[in-house]
Amino acid sequence: MRTQVAIIGAGPAGLMLGHLLRAEGIDAVIVERASADYILGRIRAGVLERTTTDLMDRLGLGARMHAQGLPHDGFHLADGERLIRIDIGALTGRQVMVYGQTEVTRDLMDAAIDRGLEIIYQAANVALHDVDGNAPYLTYEKDGTIHRIDADFLCGCDGFHGPSRKMIPASVATAYEKVYPFGWLGILADVPPCNHELIYANHDRGFALASMRSETRSRYYIQVPLDERVEDWPDDRLWDELAIRLGPEAASHMTRGPALEKSIAPLRSFVFEPMRHGRLMLAGDSAHIVPPTGAKGLNLAMSDVHYLSEAIIGYFHRNDREAIAGYSDKALARVWKSERFSWQLTKLMHRFPDGDAFDRRMQVADLDYIASSVAAQTTIAENYVGLPL
Ligand code: FAS
Ligand code: PHB
């Protein structure tokens, strides 16, 4: 098979990139190792920046998102009894959309056939070849046969554990990483949210987050030590802990119910430079990871593929080679700003095992300042809704 752009990975980055290219008449094929059902079974992000919802609208794929998503004008930072509302609507004139990554992925998958975006699922042993040359290709196994796809460009949208990043020689690459000494235990349940807006809580016992997927489906998280196992947390124990950490007001409105999904995600900050080598470009989690505190992971993947699709479209439609050459620097400029925000909010709202009394006073002073300063709240708000592209 031959195509113009071969994409590895049918997560949000790969799917959005494929659609953006197809919308401009550029041939693209996605090769994905898992099944569609497996991908849709992964419970991940919940908050969309305007940059992400604008891309869905630009593709004409935002109808279900606007019908079922929840536009939010604010969120809360809780510290013991204190509740600080960050009024993102008033401070930035923008909202965020609460609409799960699962639903975004579903909308993009469902539109693929009609838009001529071929997705090859359950492709095993995907391998990238000749990314340094002018004739890159990939191979994969399916139904007992080895297949080859020749392309002008290969786009690695294969997440943190995919093969694409490894194709960039260590001699030209730099990786930056911070692994946090805790993870997030998440629960998804068909119960109404305890609050109409998100609550990020810093408690003596650790961080907690009250989020949602709809007015009848809630998503909660608590910070747990890295050696915790999901089986250590039966539903009742988790609901009890959430009630303590979110505080009496939120707890009084909390509805308990059986977990539809319960899992522990590790937290890390990670950036891999460059995001392009030869005719291989990286986008999304294949190039960077943020702690989910700032709700940036999915949204960064979307801004990457916005820049990448613009560069590829320029190449094919205007023979513009500069945009391809400039993609990595352009994407990384926004990546690092999101890394900064996610790292700062993680430091502010979590209790670190090695944290001392001074560290705690710094958190209290930070929250005192945020509570009293419109400038401080504006800084948080403009990062949370998403910095301009
Ligand atoms: P993805 O990892 O979503 O997709 C990569 C795709 O590539 C997958 O479908 C995978 O199967 C495929 N792939 C991998 N190796 C392959 C191979 N060898 N061959 C072919 N295909 C291959 N972000 C938030 O904003 N908020 C959150 O609360 C949040 N929670 C998260 C929880 C977890 C457990 C994880 C892992 C991430 C979470 N994230 C969250 C971040 C997450 O939403 C990512 O940012 C988002 O999925 C990035 O999308 P992609 O870059 O497309 O990567
Ligand atoms: C979620 O709803 O899954 C969610 C929301 C906001 C975050 C992280 C996760 O910062």
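Each residue of the sequence shown is one higher than the one before, counting from 368 in our numbering.
All residues carry an ideal CB built from backbone N, CA and C; glycine is no exception.
If you're wondering where the values come from, they're calculated on a predicted model, not measured in any experiment.
Best match in the options for proximity to residue i [C-alpha to C-alpha]
i	options	result
V396	G526, M642 and I487	I487
R473	S538, L382, G523 and G460	L382
R400	E508, Y466 and I566	E508
V398	C524, T459 and V591	C524
V717	V672, T660, A732 and A700	A quick correction: the sequence has His, not Val, at residue 717. If we check each option's Cα against that of H717, T660 comes out closest.
T583	L484, R409, G436 and R389	G436
L647	D602, E749, L521 and G427	L521
S578	G385, A403, N750 and R411	R411
E640	R728, R685, G651 and Q744	G651
Cβ-heavy atom distance, residue i to ligand 1, below 6 Å
i	result
P633	no
V465	no
E399	yes
G664	yes
R411	yes
Q711	no
I554	no
D652	yes
G385	no
V493	yes
G529	yes
G681	no
Residue i CB to nearest heavy atom of ligand 2 below 6 Å
i	result
S670	no
R586	yes
A430	no
A445	no
V591	no
G573	no
V558	no
S695	no
P659	yes
Residues that residue i bridges to, as DSSP identifies them
i	result
N569	D446 and F574
I680	None; I680 has no bridge partner.
R643	M648
M464	L415 and P438
H655	V638
CB contact flag (residue i, residue j, <7 Å)
i	j	result
V657	S695	no
D517	R369	yes
F637	H655	yes
L475	A373	no
V752	R461	yes
R612	A568	yes
I455	A748	yes
**OP:** Mind the definition here: the region 518-537 touches the region 545-561 only if three or more C-beta pairs lie below 8 Å; say whether that holds.
**Re:** With the cut-off at 8 Å, the region 518-537 and the region 545-561 do not touch.
Subject >> Segment contact flag, the region 459-470 with the region 420-440, C-beta cutoff 8 Å, min 3 pairs >> reply: yes
Subject >> At least 3 beta-carbon pairs within less than 8 Å: the region 439-452 vs the region 734-743 >> reply: yes
Original post:
Does the pairing of the region 617-631 with the region 480-495 give three or more beta-carbon distances under 8 Å?
Top reply: no
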